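Residues 13 to 457 (the numbering used here) are what the sequence shown spells out, left to right. Where is the CB? At the ideal position from N, CA and C, for every residue including glycine. These figures come from a predicted structure and were not determined experimentally. Below: the structure, in structure tokens.
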Amino acid sequence: MFKLNQLSQQSRSKIKKAMLILPFIIIAVCVILSHSKDQRKYVPLNIQSTAAPKAEVKSTQGKAHTKTHHVASVPSYSYTIKNGDNLSVIFSKLGLSYKSLLSIMEEDLNHLSLDTLRPGNKLLFWIDQSSSTLTKMQLQFNPADIVQFTRVKGGAYSYKDISIKGDWKTTALVGSVHGSFSQSAHKLGLSITEIRTITDLMKDKLNFTRDLRAGDKFSIVHKVQSVRGVKTGSRELEAVKIVNRGRVISAFLHTDGQFYDENGDSLQRAFMRYPSKYHRITSKFNPYRLHPVTGRVSPHNGTDFGAPSGSDVLATGDGKVILTRDHPYAGKYIVLQHGSTYKTRYLHLSRILVKKGQFVKRGDRIALSGATGRVTGPHLHYEFLVRNRPVNPMTEKIPMAESVAKSDMKKFAAKRDNLMQMMKEKEVLLASQHHSQNNTSHQSL
Ligand SMILES: [Zn+2]
């Protein structure tokens, strides 16, 4: 996995001028920062040449055709992230100061987008060659999801989400079980995430290894995103139907991002509102918060609770630990993924009690709160993200109920019927196309 800066040993007070020890997958590198007159000085990195990104960094200078649709000017460099890469090494290879990386991380504290970079993602750099200043950097997660940092006064960077909506195409797919469900679904073109979502959703109603029989039919409806005809890799499952020996089990995505069965009963456990027993809010969710010093918008994408250091931090929903990090500004933090729609983040922890990849249940103790990162005092910063966009976990209609609200039922039923119709049409179409083929396979069973 690609890791950024895992600052396992850090001193906040010294962060800008001290020695930072950065352990990461392949090698350990010491970056010694000191202030020279241009505020940029490097001790050469003692690394293996194979780990150096320099050879891979493609200069796009003067190649006008590499210009993207999202920016006005051609980037100085573009770089595709590989396994084991480290952003601080990439910066130093490009002659960019670690201070500029810290400035970007400081702004990214409110978004933590750098920590979600994965191998294959692209970085674009705009560098003022005369001063070796990074004027702009883009993170391209895919052709639709792009984040941009632009240098502003005082060497700080502003953050901008320049993601585009793209085209979402809704398609129904119909298949039958031969071998395992995962194999059959994969063959049909479902992604690993989609398969995982389905088995998660249905696990209380269906034992995928024991109950399913060869020939059991399943249908799904999903949305697939593309930008100018190129698939971005983003998908959203809308409906699932499995016919298990004549019994129909189905799931439909509601507008709240949660899956419900055909009667509107939730297939996912509801969330808890609070991640700790301390409910006193010391700082509210505020997407328009103005930074007291810079005067720029610096959103507070979470809710702060006044919890003393060492308090239990609880997972607010069933989920999987997808990230644990030590960030110079966000401190020790955890990201949980809940189904395909939701994520929760817990920042400034004193101790992380879970490991990446681990599954947790709602109410599980996952960490102890603290005051790590840049904080004025101990507290728990809690974020709730819907499709990667932060929402106010105290006021948003996050799934906390066991079924679709009565007032929403009409809307839910209309969408459900529409999705069922889509699956039915596809089933009928395939049945007529493969009639003779199906007969043969039934006989052979
Ligand atoms: Zn906060």
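- Put simply, the backbone Cα of E250 is about 9 Å away from that of R428.
- In the structure shown, G167 adopts helical secondary structure according to DSSP, grouped into three states.
- Sequence-distant Cβ neighbours of L126 in its own chain, meaning closer than 8 Å and more than five residues away, are L16, L99, I116, M117, D120, L151.
- Of all C-beta pairs linking the region 294–301 to the region 273–281, fewer than three are shorter than 8 Å, placing the two stretches out of contact.
- The C-beta distance from Q349 to I334 rounds to 5 Å, short enough to fall under 8 Å.
- Taking 3 residues as the shortest admissible run, the region 118–151 contains the following complete beta strand (DSSP E) segments, listed from N- to C-terminal end: 134–140.
- Membership of N256 in the beta strand (DSSP E) is indicated by the continuous run 242–256.
- By the Cβ test, the region 301–310 is not in contact with the region 415–433, since fewer than three Cβ pairs between them sit closer than 8 Å.
- With a cut-off of 8 Å on Cβ pairs, the region 409–424 is not in contact with the region 137–150, counting fewer than three such pairs.
- Remark: C-beta atoms of S262 and E414 do not approach each other more closely than 7 Å.
- Annotation: the continuous beta strand (DSSP E) that includes D179 extends over 179–188.
- Residue side-chain check: G318 keeps its Cβ at 6 Å or more from all non-hydrogen atoms of ligand 1.
- The C-alpha of I102 lies about 29 Å from the C-alpha of R399.
- Under the three-pair Cβ rule at 8 Å, the region 352–360 counts as touching the region 391–411.
- K289 and D316 have their C-alpha atoms spaced approximately 13 Å apart.
- In this structure, the straight-line span from the alpha carbon of S104 to that of Y110 is close to 7 Å.
- Secondary-structure assignment with DSSP links N298 through a beta bridge to H312.
- In the three-state reduction of the DSSP assignment, E439 falls in the helix class, which pools H, G and I.
- A Cβ-Cβ contact shorter than 7 Å links L359 with H393.
- In this structure, S112 is the residue among G322, I232, V255, S112 with its C-alpha nearest to the C-alpha of G166.
- Pairing T209 with S203, the inter-Cα distance amounts to about 10 Å.
- Here the distance from the Cβ of G389 to the nearest heavy atom of ligand 1 is not below 6 Å.
- Remark: fewer than three beta-carbon pairs, one from each stretch, lie closer than 8 Å, so the region 205–219 and the region 238–246 are not flagged as touching.
- Of the candidates R130, V325, F161, V325 places its Cα closest to the Cα of R377.
- DSSP places S352 in the coil class of the three-state scheme, outside both helix and strand.
- Short note on H291: C-beta not closer than 6 Å to any heavy atom of ligand 1.
- Within the model, the alpha-carbon separation for R222 versus G329 is close to 27 Å.
- Using a cutoff of 6 Å, the CB of H393 counts as near ligand 1, since one of the ligand's heavy atoms is closer than that.
- Each of K181, G107, I232, L218 was checked against the Cα of S142, and the nearest Cα belongs to G107.
- One thing to note: Y341 has its Cβ no nearer than 7 Å to the Cβ of R308.
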